[in-house]
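Chains as they are written, first to last, in the working numbering: chain R, 396 to 616; chain Y, 96 to 567. Backbone N, C-alpha and C define an ideal beta-carbon position, used for all residues, glycine too. All values reported here derive from a predicted model rather than from experimental measurement. Below is one structure, written out as structure tokens; the observations come after it.
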């Protein structure tokens, strides 16, 4: 970086050396600390896809996500109904959303384009995406920016997010199982229920800056 | 640390004032009791909680022992992923780096994700001095900023405010910072949250520079992680063109897999949820998605001093969940402001005097801001033995001598020596009963905590003497 910024080779360089030297001095006489022993569980849930799916459903609902179940055949009609019930006239779609999910009719499609501004996204009513996976024990969907999910901001600025989870392939029981399947080089967004705050007398209020309505569609089979 | 707290009275004076404020005490009591009960239920769901706690402790201890290696690895990973890494020895250097980075973008305002590290270094004030406006976007931080106030809790900085006070602050102050509060705003939490949404959205949509901290940094991959609930974090982390993250050097963990421990323990310990609504993880920059420029400022600011103390260094394991605040009887009565630091409560009582040293009156008093009941250790998800560090720091303060500390010095030395020697302890108890008229009625150094209480009077005979004599 040019200009007034002090780069790692400027004063920052000497601070780097100084901090590292101070760290080494500080722990020079410290006892060796072995690597972690992982005695904790990799899952808290029976290895039964139906039970795991039910737990996901229950935990998503407890944190105020609206949960629906359907099969591949029923998906387009369900998505059309959810968008209609929300009164949406426009819907954001990521570039790789399977075309058969949304039928010909329904709200106007808005493509996820890098040029579109945040203010433009703010005028869109809904967004429909897939996900990377979902975690039953915590009621979490994880997005990794894949083609059926799009840029992080498209699931943030519109007020209504509909997320499709394919069961059982995309459903894991636990956080450790999820970590093993995720790619850390991708930008990841973990979503557990809609936006919420507990900052006023620790009363939980849904809906602050992210979508106030999160609908999760579990597609089975 | 932050200049905000310069001139703070020592803990006993500040606490005495807080204890007399009944609104503050009621707000705090309601909030801390609500969250501690919920937390206990969330933790009880995991049969392996103690194993997760042990793993968290081990990961942090291992990282701290080899902090140089993991910081260098982190730097390489972040640079490989397209980021730039800066090192800041103290608050002034960190603030200068951030101010210069913001100026280089040509912008004069930034949106901020709630961050303890930037609070600690007084970044907002430093940016204002450079002509840069810094907008806090977390609802609680917004309440604190609009109220010209100071944070009083690590997780919910406006915990000392009730809904009526928040409505008044929004009505009076929002207009001078941007979009005013809606007409007829009531004190319902939903309406207050909506007012914050409207006020901040105009700032999010135009922001070019975001400033954050991070809950964790993964050395192996260069991934940074922010846990939040409202979506203000996601806004600041993804909409601006430039992202600057200021993170304490102790926030690094070795591997991607290590995150699975803290993803389970942090939300349950802090907000008592199975998972917080939003967690963002980013590794450098991603083409076409999120900021195109990413700067990481690694902050020392007293952390290497803390690392050098063999007992006190365990404070660096802290993941800022704030569970220790919510169970602490002293915090519940004294409130967060009394601690004179952005880190209040039991963890603040051991972290602040280590980061800042014990030269000031407030820092010297903090190790005494505890009843040593041990509840903080029980709930800590990385098993920091806060009482042990408190006692250790009391010894350090006492060793410095000076007014008010000579007594503690003598008492601590005598106590730790005698506790190891039962015969001596027995003799000491007898001595204590014989000199009982000379003993103070109150514990020195704990100030307001004991102001409403008196020490129990010592009996005429020690229990052992009574047992040996007519007691049998």
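Open item on the list: Going by C-alpha to C-alpha distance, which of 491(R), 575(R), 579(R) sits closest to residue 539(R)?
Closed with: Comparing C-alpha distances from residue 539(R) to each of 491(R), 575(R), 579(R) shows the shortest one belongs to 579(R).
- [ ] For residue 583(R), return the contacting residues in chain Y, with the cut-off set at a CB-CB distance below 7 Å.
- [x] Correct list: 376.
- [ ] List the residues of chain R that residue 373(Y) touches, going by C-beta distances under 8 Å, in chain order.
- [x] The CB of residue 373(Y) comes closer than 8 Å to the CB of 584, 585, 586, 587, 590, 605 in chain R, given here in chain order.
- [ ] Could you please tell me which residues of the segment 558 to 578 of chain R, in chain order, have their CB closer than 7 Å to any CB of chain Y?
- [x] Legend: CB atoms of the segment 558 to 578 of chain R lying less than 7 Å from CB atoms of chain Y belong to residues 570, 571, 574.
Task: Among 329(Y), 342(Y), 476(Y), nearest to residue 308(Y) - alpha-carbon criterion - done: Among 329(Y), 342(Y), 476(Y), the Cα nearest to that of residue 308(Y) belongs to 342(Y).
TODO: Express the C-alpha separation of residue 177(Y) and residue 379(Y) in angstroms, rounding to a whole number.
DONE: For residue 379(Y) and residue 177(Y), the distance between alpha carbons rounds to 5 Å.
Open item on the list: Three or more C-beta pairs under 8 Å: does that hold for the segment 418 to 433 of chain Y against the segment 121 to 141 of chain Y?
Closed with: Because the criterion of three Cβ pairs below 8 Å is met, the segment 418 to 433 of chain Y and the segment 121 to 141 of chain Y touch.
- [ ] For residue 441(Y), verify whether its CB is less than 7 Å away from any heavy atom of the ligand NAD.
- [x] The ligand NAD is not among the ligands present in this structure, which contains no ligands whatsoever.
Task: Residues near residue 303(Y) in its chain [Cβ-Cβ closer than 7 Å; skip 5 each side] - done: So the list reads 200, 202, 335, 336, 337, once near-sequence residues are dropped.
Open item on the list: Does any residue of chain Y have a CB that is nearer than 8 Å to the CB of residue 531(R)?
Closed with: Not closer than 8 Å to any Cβ of chain Y, the Cβ of residue 531(R) fails to qualify, so no.
Task: Terminal residues of the alpha helix (DSSP H) in which residue 493(Y) lies - done: Run containing residue 493(Y): 481 to 494, per the alpha helix (DSSP H) assignment.
Open item on the list: For a cutoff of 8 Å on Cβ pairs, would you count residue 398(R) as touching chain Y?
Closed with: Residue placement at residue 398(R) is poorly supported in this model, since its pLDDT is 40, which falls under 50; the coordinates are not used for a value here.
Open item on the list: Contact criterion: CB-CB distance below 8 Å. Does residue 551(R) meet it with respect to chain Y?
Closed with: At least one beta carbon of chain Y lies nearer than 8 Å to the beta carbon of residue 551(R).
Task: Three-state class that DSSP yields for residue 610(R) in the structure shown - done: Three-state DSSP puts residue 610(R) in a strand.
- [ ] Could you round the C-beta distance between residue 477(R) and residue 610(R) to whole angstroms and report it? I think they count as a contact, below 8 Å.
- [x] About 6 Å; that satisfies the 8 Å criterion.
Task: Distance between residue 415(Y) and residue 464(Y) (C-alpha atoms, nearest Å) - done: For residue 464(Y) and residue 415(Y), the distance between alpha carbons rounds to 19 Å.
Open item on the list: I'd like the ranges of any alpha helix (DSSP H) spanning at least 4 consecutive residues and lying wholly in the segment 139 to 201 of chain Y.
Closed with: Taking only runs of at least 4 residues, the alpha helix (DSSP H) segments lying wholly in the segment 139 to 201 of chain Y are 144 to 160, 162 to 175, 186 to 199.
- [ ] Could you have a look at residue 207(Y) and say whether DSSP puts it in helix, strand or coil?
- [x] Strand, per DSSP.
Task: Residue of 507(R), 474(R), 431(R) minimising C-alpha distance to residue 487(R) - done: Of the listed residues, the one whose Cα sits closest to residue 487(R) is 507(R).
- [ ] Below 7 Å between beta carbons is the criterion; list the residues of the segment 496 to 511 of chain R that meet it against any residue of chain Y, in chain order.
- [x] Those would be 509, in chain order.
TODO: List the residues of chain R whose Cβ lies closer than 7 Å to the Cβ of residue 333(Y), in chain order.
DONE: Ordered by position in chain R, the residues that pass the 7 Å Cβ test against residue 333(Y) are 547, 548, 551.
Task: Assigned secondary structure, residue 500(R) (DSSP; H/G/I helix, E/B strand, else coil) - done: In the structure shown, the three-state DSSP call for residue 500(R) is coil.
Task: Contact set between residue 240(Y) and chain R, taken where Cβ atoms lie within less than 9 Å - done: Per Cβ cutoff of 9 Å: no residues; residue 240(Y) is ~13 Å from chain R at best.
- [ ] Please confirm whether residue 578(Y) and residue 320(Y) have their CB atoms less than 8 Å apart.
- [x] Past the edges of chain Y, shown from 96 to 567, lies residue 578(Y), and the structure says nothing about it.
TODO: Please classify residue 422(R): does DSSP put it in a helix, a strand, or coil?
DONE: Note: residue 422(R) maps to helix in three-state DSSP.
Open item on the list: What does the alpha-carbon distance come out to for the pair residue 411(R) and residue 344(Y)?
Closed with: So the two alpha carbons sit approximately 11 Å from each other.
Open item on the list: Measuring straight from C-alpha to C-alpha, what distance separates residue 528(R) and residue 565(R)?
Closed with: If you take the alpha carbons of residue 528(R) and residue 565(R), they lie about 5 Å apart.
- [ ] Would you mind stating whether residue 425(R) and residue 140(Y) have Cβ atoms separated by less than 8 Å?
- [x] In this structure, residue 140(Y) does not lie closer than 8 Å to residue 425(R) by Cβ.
- [ ] May I ask you to report which of helix, strand or coil DSSP gives residue 216(Y)?
- [x] Looking at residue 216(Y) - three-state DSSP - the assignment turns out to be coil, as it is neither helix nor strand.
Open item on the list: Helix, strand or coil, according to DSSP, for residue 254(Y) in the structure here?
Closed with: Residue 254(Y) falls in the coil class under three-state DSSP.
TODO: Could you pull the start and end residues of the beta strand (DSSP E) that residue 595(R) belongs to?
DONE: Counted as a single uninterrupted DSSP element, the beta strand (DSSP E) harbouring residue 595(R) occupies residues 591 to 595.
Open item on the list: Counting only beta-carbon separations shorter than 8 Å, does residue 105(Y) have a partner in chain R?
Closed with: Under the Cβ distance rule, residue 105(Y) does not count among the residues neighbouring chain R, no pair being separated by less than 8 Å.
Open item on the list: Between which two residues does the beta strand (DSSP E) holding residue 461(Y) run?
Closed with: Residue 461(Y) -> no beta strand (DSSP E), and no H or E assigned at all.
Task: DSSP three-state assignment for residue 531(Y), whether helix, strand or coil - done: Low per-residue confidence applies at residue 531(Y): pLDDT is 47, beneath 50, and the placement is therefore not dependable, though the value from the model is reported in the following sentence. Assigned with DSSP and collapsed to three states, residue 531(Y) falls in helix.
Task: Ranges of the beta strand (DSSP E) found wholly within the segment 272 to 346 of chain Y, counting only runs of at least 3 - done: Segments of the beta strand (DSSP E) lying fully in the segment 272 to 346 of chain Y: 304 to 307, 311 to 313, 318 to 323, 337 to 343.
Open item on the list: Is it buried or exposed, residue 271(Y), if we count other Cβ atoms within 10 angstroms and call 16 or more buried?
Closed with: Flag for residue 271(Y) reads exposed.
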